[in-house]
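Working notes, beginning with the structure itself.
Here it is, written out as structure tokens:
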């Protein structure tokens with residue numbers, strides 16, 4: 003049975019693949035309605051938000067830590083790898099342009115045309131370049147073409163060293179600089195935002211076609227790819243660690259509850275009616291001996307003798323014991339009953355599964371007080387038990403289970419329904435409304451998808467499960483509180499889930515409309531029938 007968290011992971015994977023596909027598509031086609039950079043940014047943010055919102059099992063502080071660490075590492079990787087290497091490549095291409103302009107400038111300056119014409123030709127030639135070009139004649143400004151890229155955003159850097167041109171008229175200095183690499187804060191902002199900031203904000207005529215054609219999104223893809231991969235890696239580690247921790251906590255609670263359940267079952271044996279009767283018999287007999295002065299003893303000594311006798315059948319209840327000899331016929335049935343109870347202890351503490359017929363299981367369920375009618379009737383509680391029709395029970399059909407655990411499971415189911423209806427009864431009482439508590443336990447045999455199941459189902463009108471998707475899957479808060487008013491954990495449902503799955507069964511739990519404006523809880527447990 004898949005848990006809610008495992009189902010969420012499948013949803014997350016599907017959505018993430020879809021988002022990746024859309025990111026790829028909008029790197030190729032013009033979105034028309036919105037700039038592609040805006041759409042790409044939204045898709046990338048969604049890739050982060052989807053697992054953050056759906057993986058509720060992971061604590062929020064771990065998610066924040068994963069986001070922070072992933073962002074810092076991805077940004078550092080972008081700065082040291084993509085940021086520098088990308089703009090170094092651009093500088094190499096600019097070096098070729100600088101050489102061409104230097105050669106052309108040298109030819110113009112060495113020509114015999116007047117200086118004014120030389121200036122006009124150089125200005126016209128430099129007009130096509132985005133670089134900042136300075137030509138000095140005899141160390142004085144001759145021609146200056148300012149950078150067409152904002153020096154507030156980009157760092158102006160020399161692409162070539164100053165070069166000299168010697169003519170008959172004097173010495174010329176040629177300098178070629180380009181506002182190539184943006185300042186770190188601008189470049190990082192651009193990479194994070196897919197150029198939404200500052201390009202769209204500061205440029206009213208954002209060229210979407212130019213953005214796609216020149217693949218300006220690449221500077222963002224490198225950062226976001228590292229960010230998403232790292233974040234998913236940290237989330238995976240956190241998810242499986244949390245899942246293991248939850249599982250360990252769940253198992254610890256289950257075993258604690260199982261221990262308490264077994265102690266309760268053993269106590270039912272060791273404090274049986276037979277032992278109490280024996281103690282009363284011995285005490286009364288010793289009191290008679292005291293009153294007739296046949297033994298020089300006191301009442302306290304007799305009581306102590308009774309207590310020790312109760313705990314030591316092998317030595318006290320034998321033919322050497324005078325009390326036993328005088329009351330042998332009355333005592334022997336009780337001793338036999340106690341020994342039978344003691345022999346049952348290994349069965350009570352065992353969880354090992356064996357093949358039992360449906361009849362064996364039904365017979366074991368009849369030991370439950372609510373089913374056999376020995377439970378004290380509670381006012382306003384209608385408990386109905388409908389056993390499976392004997393016509394459906396076949397001799398050669400079995401379930402591989404542990405009878406004591408099946409009994410405990412049903413006891414827990416009944417106890418949970420009794421508790422839920424009792425809580426609702428108190429709420430109705432405070433509102434001065436009438437309320438009949440209804441619990442219906444049923445056993446059945448059904449053929450489902452070609453496979454036979456022994457089914458134990460219970461319904462009540464106790465208001466339904468607070469969290470039906472979590473019930474029987476994880477520890478949930480009980481409707482009852484501890485004596486000090488603190489929240490009480492309902493270990494019983496996890497106990498049921500543990501043993502049902504241990505014996506290859508499965509559970510279906512849901513809320514249903516029990517009565518008008520009153521919901522109820524329904525649980526069905528399926529154990530496979532073998533032959």
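Numbering (this note's numbering), first residue to last: 3 to 533.
Glycine residues also receive a C-beta, built at the ideal position from the N, C-alpha and C atoms.
Just so you know, these numbers come straight off a predicted model, no measurement behind them.
What would DSSP say about residue i, mapped onto helix, strand or coil?
i           : result
residue 470 : coil
residue 216 : coil
residue 311 : Residue confidence is low: residue 311 scores 44 on pLDDT, short of 50, so the model does not pin down where it sits. Its coordinate-derived value is still stated next. Reduced to three states, the DSSP call for residue 311 is helix.
residue 176 : strand
residue 197 : coil
residue 113 : coil
residue 46  : helix
residue 34  : coil
residue 489 : Reliability of the predicted coordinates at residue 489 is poor, the pLDDT of 47 falling under 50, and the value obtained from them is presented with this limitation in mind. Coil, per DSSP.
residue 184 : strand
residue 434 : coil
residue 368 : coil
residue 145 : strand
residue 390 : coil
residue 239 : helix
residue 119 : helix
residue 381 : coil
residue 357 : strand
residue 20  : helix
residue 230 : helix
residue 58  : coil
residue 251 : helix
residue 156 : strand
residue 133 : coil
residue 164 : coil
residue 2   : There is no way to answer for residue 2, as the model of the chain reaches only from 3 to 533.
residue 28  : coil
residue 208 : coil
residue 531 : coil
For the putative contact between residue i and residue j, defined by C-beta atoms under 8 Å, what is the C-beta separation to the nearest angstrom?
i           : j           : result
residue 232 : residue 93  : With a Cβ gap of about 29 Å, residue 232 and residue 93 do not count as contacting.
residue 133 : residue 149 : 7 Å
residue 447 : residue 527 : Not confirmed; about 13 Å, so no contact.
residue 417 : residue 494 : 7 Å
residue 411 : residue 498 : 5 Å
residue 174 : residue 144 : 7 Å
residue 470 : residue 511 : 6 Å
residue 536 : residue 522 : Past the boundaries of the shown model lies residue 536; the chain is included only from 3 to 533, so the question cannot be answered.
According to the Cβ coordinates, are residue i and residue j closer than 8 Å?
i           : j           : result
residue 137 : residue 107 : yes
residue 441 : residue 419 : yes
residue 400 : residue 357 : yes
residue 25  : residue 241 : no
residue 444 : residue 530 : no
residue 392 : residue 525 : no
residue 64  : residue 193 : no
residue 71  : residue 236 : yes
residue 466 : residue 413 : no
residue 363 : residue 430 : no
residue 162 : residue 147 : no
residue 218 : residue 195 : no
residue 111 : residue 35  : no
residue 45  : residue 21  : yes
residue 532 : residue 402 : yes
residue 67  : residue 99  : no
residue 51  : residue 230 : no
residue 172 : residue 139 : yes
residue 56  : residue 13  : yes
Counting beta carbon pairs with one atom in the region 404-411 and one in the region 376-392, are three or more of them shorter than 8 Å?
No, because fewer than three Cβ pairs between the region 376-392 and the region 404-411 fall closer than 8 Å, the two stretches do not touch.
Cβ pair count under 8 Å reaching 3, the region 36-43 against the region 208-217:
Short answer: they touch.
Just to confirm the assignment: which complete alpha helix (DSSP H) runs, minimum length 4, are found wholly within the region 392-467?
Listed in chain order, the complete alpha helix (DSSP H) runs (minimum 4 residues) inside the region 392-467 are 405-432.
Between the region 150-158 and the region 173-183, do three or more beta carbon pairs fall short of 8 Å?
Because the criterion of three Cβ pairs below 8 Å is met, the region 150-158 and the region 173-183 touch.
Inspect the CB distances between the region 425-439 and the region 469-476 and report whether three or more fall short of 8 Å.
In this structure the region 425-439 does not lie against the region 469-476, because fewer than three pairs of beta carbons, one per stretch, are closer than 8 Å.
Please go through the region 63-112 and give each complete alpha helix (DSSP H) segment of 4 or more residues, from N-terminal end onward.
Given a length threshold of 4 residues, each whole run of the alpha helix (DSSP H) inside the region 63-112 is given here in chain order: 86-111.
Completely contained beta strand (DSSP E) runs for the region 494-522, where each covers 3 or more residues:
Here the runs fully enclosed are 508-517.
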